[in-house]
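Counted the way my numbering counts, the sequence shown spans residues 16 to 137.
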Amino acid sequence: MTMNALGAIATTADTTVPAATVPVATAPAATAPADTGARTPEAAGVITGARERIDDLDGRIIGLVQERMAVSAVIQRERIGSGGRRVNLSREMEILGHYREQLGRPGTALAMTLLELCRGRV
């Protein structure tokens, strides 16, 4: 088979098939990093960069959660030391409401997880 000047594939039987109808072998997905799920190197590059940003954000979020846990421990220690209870339920309800307002229903679950991480670590 050869390509003629009109961009069609000429066969030995002198019939032509437009080039657009001939299946073109595409580069395998392996040209893009397989762990991104992308099908092009350009998309893989964007995804890789965005994932690096997410990894950075996750590290910062984890650090902030750890800081929140430490501050909560100080509050609990002072509350208990002054004769109060370890947990202030009205304050926890404020926190749940704030997360729900800012993040919607899943925000409540996130706040519950944070509160659980921060309770009782005196």
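We put the CB at the ideal spot given by N, CA and C, even for glycine.
If the five residues before and after Glu-131 are omitted, its C-beta is found closer than 6 Å to no C-beta atom of its own chain. Taking all protein chains in view, the Cβ of Gln-91 is crowded by 16 or more other Cβ atoms within 10 Å, so the residue is classified as buried. By the Cβ rule, the stretch 75-82 does not count as touching the stretch 112-125, because fewer than three pairs are nearer than 8 Å.
In the three-state reduction of the DSSP assignment, Ala-53 falls in the coil class. The beta carbons of Arg-94 and Arg-100 sit about 7 Å from each other, so the pair counts as a contact at 8 Å.
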